[in-house]
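Protein sequence lines correspond, in order, to chains A and B.
Adding 5 to a residue's 1-based position in the first sequence gives its number in this note's numbering.
Adding 5 to a residue's 1-based position in the second sequence gives its number in this note's numbering.
Glycine included, C-beta positions come from ideal geometry on N, C-alpha and C.
Small disclaimer: the values here were computed from a predicted structure and weren't measured.
Report on the following structure.
Protein chains: 2
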Amino acid sequence: MTKKATIVDIAKALNTSAATVSRALNNNPRISDKTKKLVNDTAKALGYEPNPVAAALRNGRSKIIGVIVPYIDRSFFSSVIRGIEEEVKKHGYNIMICQSLEDRQAEADNIDIMVNARVAGIALSLASNDETHLKQIIKSNIPLVTFDRVADNLAPHTVAADDFEGSFLATTHLIRQGYQKIAHLAGNQDINIYRNRLRGYRAALDENGYEIDSDLIVSTKSSVESGRLSAEKLLSLTNPPDAITSASDFSALGALQYCKSKDIRIPQDIGITGFANEPFTEYLEPSLTSVSQNSLEMGKIVGQVFFDKANQDNDSIQYKKILLKPELIVRESSQRQKV
Amino acid sequence: MTKKATIVDIAKALNTSAATVSRALNNNPRISDKTKKLVNDTAKALGYEPNPVAAALRNGRSKIIGVIVPYIDRSFFSSVIRGIEEEVKKHGYNIMICQSLEDRQAEADNIDIMVNARVAGIALSLASNDETHLKQIIKSNIPLVTFDRVADNLAPHTVAADDFEGSFLATTHLIRQGYQKIAHLAGNQDINIYRNRLRGYRAALDENGYEIDSDLIVSTKSSVESGRLSAEKLLSLTNPPDAITSASDFSALGALQYCKSKDIRIPQDIGITGFANEPFTEYLEPSLTSVSQNSLEMGKIVGQVFFDKANQDNDSIQYKKILLKPELIVRESSQRQKV
DNA sequence: TAATATTGTGCAATCGTTTACATAATTAAA
DNA sequence: TTTAATTATGTAAACGATTGCACAATATTA
């Protein structure tokens, strides 16, 4: 294979200097239009393609956005990643992906890798509550955007679904459907998204004059099995609920399966809502009402933040805290009243 | 923020040269153990971390594996990506991701980006039948592995599920379950994976002395709607099938929905199998028997190929054509006989 | 016409590593 | 003890782009 052409080759061909060629290619105003045209033409003629690695070394910054997520193959994260990719590509950037596997140390290592790779920005969904290792990013002056599981204290920019609102919507919807005793399958309260979902549930009850019964709030892991167990517990109460809002689609599915196994009719006897709008929710029977977080959209917004005009001038960075409106996808599992 | 330490800083601190430091850090045998220890110690003391960009420029190769898939957020692809990531990370490599959106031109552009970024290897699942643009990769001497939708003619290394075998397994399973007239929802025959699935179906019928009835082979897109239509067509035949093997989980789901809507019992009246083992298949009612392609595993193998010893010596590269054994996940939709 | 401002280019250093080649220091062989 | 072989280190040139500074050449002003 023949060597690729460089700006030096173009310079030689035109009897000029690499500096001029570089400036011409970057459309520097100090170069005359005539020269620019000449340079661009010979660049094309020689099949020149810039070497991003060389530029990155010189600039101390490469046109790569680093993305760190707990798991690449979770449907939510893969959608966000797609959104980020599509957005940054518009600006000629690419993405580098790492997984934290929900391990704080792995996340810290990945950050290290990204920082060393001189990425232009880092998008990250936290592995744990601990945000201390993010300081390294900030110290190295790399723009940081946390999403979904955001770093409230440290991270300049955050993008997240409004979990409070989503849960509020779901709970309110159940109330409007005439359910009287609404339970909540609450996720790990160490994680802010689950805290907010619980808050939304409470607020909706409050606002409608419903009493909050702590027996109806069950700590549940985001798994089918855990959901099943929680449902069992709830339905064996002396005074069982007639609806369940879950902070997770998986535990909602578990609850749904449990109810069906006990011949409890959904949505007639009990209403169920999930959270996240996982792909499977629409194919369940009954199909599961869930809160969509518009993950693709979220990714696009994360991508945009890096290129916001406001972020360009270092002095007056506007730190963004973006909350995306969630959407309640009403399906069969919660529709007691005919539409 | 203070500048990061470089090998020059280490060299200065030790009153030696950058060359020695570089060699020591790379464990070059020409450096004495004493010096190595000295270098490593001061490296640690100074908080030195190598700059991969500089190394990439000098080496003309960066420690990044480029991955190009049709869609990042398809569950199959995101699993493969995860597998690749986990495997290459073991070797200190990272992945850069692009999507082709099933567009040949976008794919070609992405290849260009990867080649210019001097990636150490490219893993790719083809956007279309056209493989001509892959020549550029081969010309630039970058190791290429195609997976799933492989480039049969051009690509040195290929990794794919054995679609023939998968379809053969599913069809044979239906036969063993006592189904008599087995139909096939065939995918786009321009794509090799769908051709192979049809072949597997045929071979299984053949081997068991079943007649092949072209009325029972219906061209179907990989969508729920298309599957529903195909099922409708099949079940309105004068002599309808009592089982359907689909080349896609989505069309299998469509068929399943259609049958239920017509009160045709599954698996008693009709058996159904899908293909790909999409996450939703296990939650359907009845749960859908499907062929798992072990996507995570596939990704890991793709990752491994880049680091195979055999590929290191340029002269005698063994071009690999790896076919992964698929696994039939038997669920309710095809189990007519009690287990 | 001389002095000054404007515009377009070139020089050379820089980013941080790697490596071919040269050289110094040590050991083994004669 | 001289020579050859071995081992450890240093010199300097890459890799390909960017950019501060200097300097022509031209245009503008006095």
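Query	Result
Could you pull out every residue in the same chain whose Cβ sits closer than 7 Å to the Cβ of residue 268 of chain A, ignoring the five residues on either side in sequence?	none
DSSP has residue 99 of chain B in a bridge; who is on the other side?	B/69
At a Cβ threshold of 8 Å, is residue 104 of chain A touching chain B?	yes
Taking Cβ-Cβ distances shorter than 8 Å, what residues in chain B pair up with residue 76 of chain A?	87
With a threshold of 8 Å between beta-carbons, can residue 312 of chain B be considered close to chain A, or not?	no
In terms of residues, what are the limits of the beta strand (DSSP E) holding residue 295 of chain B?	295 to 297
With a cut-off of 8 Å, do at least 3 Cβ pairs link the region 284 to 302 of chain A to the region 335 to 342 of chain A?	yes
Can you give me the Cβ contacts of residue 301 of chain B inside the same chain, cut-off strictly under 8 Å, excluding the 5 residues immediately before and after it?	84, 85, 87 and 88
Do you know offhand how far residue 240 of chain B's Cα is from residue 231 of chain B's?	14 Å
Using the rule of at least 16 other Cβ atoms within 10 Å of the residue's Cβ for burial, across every protein chain shown, is residue 258 of chain B buried or exposed?	buried
Comparing alpha-carbon positions, which option in B/313, B/146, B/151 and B/100 lies nearest residue 115 of chain A?	B/100
For a cutoff of 8 Å on Cβ pairs, would you count residue 223 of chain B as touching chain A?	no
Using a threshold of 8 Å, state whether the C-beta atoms of residue 179 of chain B and residue 286 of chain B are closer than that.	no
Listing by chain order, which chain A residues have their CB less than 8 Å from the CB of residue 123 of chain B?	56 and 58
Counting only Cβ pairs nearer than 8 Å, list the residues of chain A close to residue 332 of chain B.	In chain order: nothing, as chain A lies at least about 18 Å away.
Rounded to whole angstroms, how far is the Cβ of residue 275 of chain A from the Cβ of residue 248 of chain A, which I believe are closer than 8 Å?	6 Å
Looking only at C-alpha atoms, which of A/176, A/194, A/207 and A/209 sits nearest to residue 5 of chain A?	Any property of residue 5 of chain A remains undetermined from this structure, which presents chain A solely from 6 to 344.
Who are residue 12 of chain A's beta bridge partners in DSSP?	DSSP, once it has assigned bridges, lists no residue as partnering residue 12 of chain A.
For the candidate residues A/29, A/147 and A/164, whose alpha-carbon lies nearest to that of residue 153 of chain A?	A/164
With the cut-off set at 8 Å, would you say residue 173 of chain A and residue 205 of chain A are in Cβ contact?	yes
Please report the distance separating the alpha-carbon of residue 219 of chain B from that of residue 190 of chain B.	11 Å
If you draw a straight line from the C-alpha of residue 246 of chain A to the C-alpha of residue 341 of chain A, how long is it?	15 Å
Just the C-alpha distance for residue 207 of chain A and residue 327 of chain A, rounded to the nearest angstrom, thanks.	23 Å
Whose C-alpha, out of A/273, A/313, A/149 and A/57, is nearest the C-alpha of residue 66 of chain A?	A/57
Does any residue of chain A bring its CB to less than 8 Å from the CB of residue 67 of chain B?	yes
Quick one: which chain A residues come within Cβ less than 9 Å of residue 252 of chain B?	Residues of chain A passing the Cβ test: none, with the nearest at roughly 19 Å.
Sorted by chain position, which residues of the same chain lie with C-beta nearer than 6 Å to residue 103 of chain A's C-beta, five sequence neighbours on each side aside?	73 and 115
Using CA coordinates, which residue listed in B/312, B/55, B/54 and B/26 is at the minimum distance from residue 42 of chain B?	B/26
Determine the chain A residues that contact residue 288 of chain B at a beta-carbon separation under 8 Å, and present them in chain order.	258, 285, 288 and 289
Using a Cβ-Cβ distance under 8 Å, would residue 303 of chain B count as near chain A?	no
According to the Cβ coordinates, are residue 132 of chain A and residue 92 of chain A closer than 8 Å?	no
Checking contacts by CB at 8 Å: is residue 10 of chain B closer than that to chain A?	no
With 16 other CB atoms within 10 Å as the buried threshold, where does residue 37 of chain A fall?	exposed
Strictly by DSSP, which residues pair up with residue 126 of chain B?	B/70
With a CB to CB cut of under 8 Å and the five nearest residues on each side skipped, what residues in its chain are close to residue 229 of chain B?	255, 256, 258, 259 and 262
Quick check: the Cα distance between residue 329 of chain B and residue 298 of chain B, rounded to an integer number of angstroms?	8 Å
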